[in-house]
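Protein chains: 2
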Amino acid sequence: MKKAIVLLSGGLDSSTTLYHAKSRGYDCRALIFEYGQKHSRELKSAAAIARLTKTPYRIMKIKLPWGGSALISKRRQCALSPFVGKKGIPPTYVPARNTIFISFALSYAEAIGADAIFIGANAIDYSGYPDCRPEYYKALQVLIKKGLRDRHIKIVTPLIKMTKAQIIKLARKLDVPLEITWSCYKGGKKPCGTCDSCRLRDKGFAEAGLTNI
Amino acid sequence: MKKAIVLLSGGLDSSTTLYHAKSRGYDCRALIFEYGQKHSRELKSAAAIARLTKTPYRIMKIKLPWGGSALISKRRQCALSPFVGKKGIPPTYVPARNTIFISFALSYAEAIGADAIFIGANAIDYSGYPDCRPEYYKALQVLIKKGLRDRHIKIVTPLIKMTKAQIIKLARKLDVPLEITWSCYKGGKKPCGTCDSCRLRDKGFAEAGLTNI
Numbered sequence: 041m042k043k044a045i046v047l048l049s050g051g052l053d054s055s056t057t058l059y060h061a062k063s064r065g066y067d068c069r070a071l072i073f074e075y076g077q078k079h080s081r082e083l084k085s086a087a088a089i090a091r092l093t094k095t096p097y098r099i100m101k102i103k104l105p106w107g108g109s110a111l112i113s114k115r116r117q118c119a120l121s122p123f124v125g126k127k128g129i130p131p132t133y134v135p136a137r138n139t140i141f142i143s144f145a146l147s148y149a150e151a152i153g154a155d156a157i158f159i160g161a162n163a164i165d166y167s168g169y170p171d172c173r174p175e176y177y178k179a180l181q182v183l184i185k186k187g188l189r190d191r192h193i194k195i196v197t198p199l200i201k202m203t204k205a206q207i208i209k210l211a212r213k214l215d216v217p218l219e220i221t222w223s224c225y226k227g228g229k230k231p232c233g234t235c236d237s238c239r240l241r242d243k244g245f246a247e248a249g250l251t252n253i
Numbered sequence: 041m042k043k044a045i046v047l048l049s050g051g052l053d054s055s056t057t058l059y060h061a062k063s064r065g066y067d068c069r070a071l072i073f074e075y076g077q078k079h080s081r082e083l084k085s086a087a088a089i090a091r092l093t094k095t096p097y098r099i100m101k102i103k104l105p106w107g108g109s110a111l112i113s114k115r116r117q118c119a120l121s122p123f124v125g126k127k128g129i130p131p132t133y134v135p136a137r138n139t140i141f142i143s144f145a146l147s148y149a150e151a152i153g154a155d156a157i158f159i160g161a162n163a164i165d166y167s168g169y170p171d172c173r174p175e176y177y178k179a180l181q182v183l184i185k186k187g188l189r190d191r192h193i194k195i196v197t198p199l200i201k202m203t204k205a206q207i208i209k210l211a212r213k214l215d216v217p218l219e220i221t222w223s224c225y226k227g228g229k230k231p232c233g234t235c236d237s238c239r240l241r242d243k244g245f246a247e248a249g250l251t252n253i
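Here is the structure:
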């Protein structure tokens, strides 16, 4: 049975990616990162999804003491206001975050002899992050070939060219418990409905002709 | 003044790299990693070198719970025996270690607007690690261009094509306090003299016509 590491944030995309990897017959391990997010709500969702799917998981605690992002700023009101539609890279971008996450996944994959790393990155209905685009993952694949002991680890991004509506339809098909996933940048009991992540999720459900849950 | 992040392990190569970056006029920040090494001797050397050069430094604590290396194994006798001259990648290879270190350095560099990351990687008198070869750093540069907000961060590897003897001569020229640096894979009061790292260092001093200190 092929082994895979899945980056799991507890959101719609990464949860669907985990279900997808399992549907493809991969024996999965989930990596969940606690990197100073403003809230732990998404970590709870991630752990719940992992437990529900009987996926062994590790929560990696990482400190990024230099900040540089509205998502990990300690200032309460720091720029979680909507950015979708504007040009450039939004203030929620966390410097080199995906590169850090993936480098840990690569280490884990090499140590246990995993064949693939699954990531729910998405370049269509996305937030403008440069590390969510196909060319980044293509470059990563070259990096693996040139600098790792195990040159054959594959980076798999099944959602990269899908719209949010298509992802939601796939999630439905795979029986992903969408009500457990958490997309909102803010914590609290209910999603705020106004941050970029909430807006993208809402838009996706609307376009899929479904009610957001 | 241009800013740089320097990966500092406390060894001969990274210490010389820090002195080199400073001699080139960079305002340096050092990143030191505590990743479960068998001993903390090299961390002390790294911090001492940073303080001596008045370089602000951060010690990043990282857990690699999956192991996969003789360097971070808890088993005392685990394969720190000599490997130099054999074929393949030695058991002291730590899965994706340089990729993890560099990803943190990239995050730091983006957050503070640094221009370059300096790494003392060396592909000549090296231990057979794939992430010490020029093609790995070339691939990294492409990755930065494709997936980071700041596409212009440069990865600088001044020692990559130098022999150990050449590095030692450069260190002497730059007044690197070699007696403070620590290369041995094992801890203790004195270097063991038998591990790969000690052997490479000894060989370098001998070829440079100097006495190892």
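Chains as they are written, first to last, in our numbering: chain R, 41 to 253; chain V, 41 to 253. Every residue, glycine too, gets a C-beta built ideally from N, C-alpha and C.
field: Expected contact under 8 angstroms - CB spacing of residue 168 of chain V and residue 208 of chain V to nearest Å
entry: Not confirmed; about 20 angstroms, so no contact.
With 16 other Cβ atoms within 10 Å as the buried cut-off, status of residue 150 of chain V: buried
query: Helix, strand or coil for residue 74 of chain R per DSSP?
result: strand
- prompt: Taking the beta strand (DSSP E) that residue 97 of chain R falls in, what are its first and last residues?
  reply: 97-101
task: Indicate the three-state DSSP secondary structure (helix, strand or coil) for residue 172 of chain V in the structure shown.
output: helix
- request: Could you spell out where the beta strand (DSSP E) holding residue 61 of chain V opens and where it closes?
  value: Unbroken run through residue 61 of chain V is the alpha helix (DSSP H), 52-63; no beta strand (DSSP E).
message: Taking contact to mean 3 or more Cβ pairs, one atom from each stretch, closer than 8 angstroms, check whether the segment 69-84 of chain V and the segment 94-113 of chain V are in contact.
response: yes
query: Of all the CB atoms in chain R, is at least one closer than 8 angstroms to the CB of residue 117 of chain V?
result: Bear in mind that the predicted position of residue 117 of chain V carries a pLDDT of just 49, short of 50, making it unreliable; the figure below should be weighed with that in mind. No, residue 117 of chain V lies away from the interface with chain R (no Cβ there is under 8 angstroms from its Cβ).
The beta strand (DSSP E) enclosing residue 156 of chain R, as first and last residue numbers: 156-158
Cβ pair residue 57 of chain V, residue 158 of chain V closer than 8 angstroms: yes
- prompt: At which residues does the alpha helix (DSSP H) containing residue 266 of chain R begin and terminate?
  reply: Residue 266 of chain R cannot be examined here, being either before or after the span of chain R that is shown, 41 to 253.
query: Taking just the CA atoms, how far does residue 55 of chain R sit from residue 117 of chain V?
result: Confidence is the limiting factor: at residue 117 of chain V the pLDDT is only 49, short of 50, which leaves the residue's position unreliable, though a coordinate-based value still follows. So the alpha carbons of these two residues sit roughly 41 angstroms apart.
- prompt: Would a check of beta-carbon distances place residue 247 of chain R closer than 8 angstroms to chain V?
  reply: no
message: Checking the sheet assignment: what are the DSSP bridge partners for residue 67 of chain R?
response: R:43
- request: Kindly give me the distance between the Cβ atoms of residue 164 of chain R and residue 201 of chain R, rounded to whole angstroms, as I take these residues to be in contact under 8 angstroms.
  value: 6 angstroms
- prompt: Does the beta carbon of residue 259 of chain V come closer than 8 angstroms to any beta carbon on chain R?
  reply: With chain V covering 41 to 253 only, the question about residue 259 of chain V has no answer from this structure.
field: Cβ pair residue 220 of chain R, residue 85 of chain R closer than 8 angstroms
entry: yes
query: Looking at C-alpha atoms only, which residue of R:52, R:42, R:77 is the closest neighbour of residue 217 of chain R?
result: R:52
message: Taking its Cβ as the centre, do 16 or more other Cβ atoms sit within 10 Å of residue 260 of chain R, making it buried, or is it exposed?
response: The shown model of chain R, from 41 to 253, leaves out residue 260 of chain R, and the question about it has no answer.
- prompt: Smallest Cα separation from residue 133 of chain R: which of V:251, V:62, V:188, V:238?
  reply: V:188
- prompt: For residue 44 of chain R, does the count of other Cβ atoms within 10 angstroms reach 16, so buried, or fall short, so exposed?
  reply: buried
field: DSSP state of residue 94 of chain R mapped onto helix, strand, coil
entry: coil
query: When DSSP labels each residue in this structure, what does residue 196 of chain R get in the three-state scheme?
result: strand
- prompt: Secondary structure at residue 233 of chain V, three-state DSSP: helix, strand or coil?
  reply: coil
Within 7 angstroms of chain R by C-beta, residues of the segment 196-210 of chain V in sequence order: none
field: Residue nearest to residue 90 of chain R in terms of C-alpha spacing, selected from R:47, R:174, R:143, R:194
entry: R:47
- prompt: So what does DSSP say about residue 238 of chain R, is it helix, strand or coil?
  reply: helix
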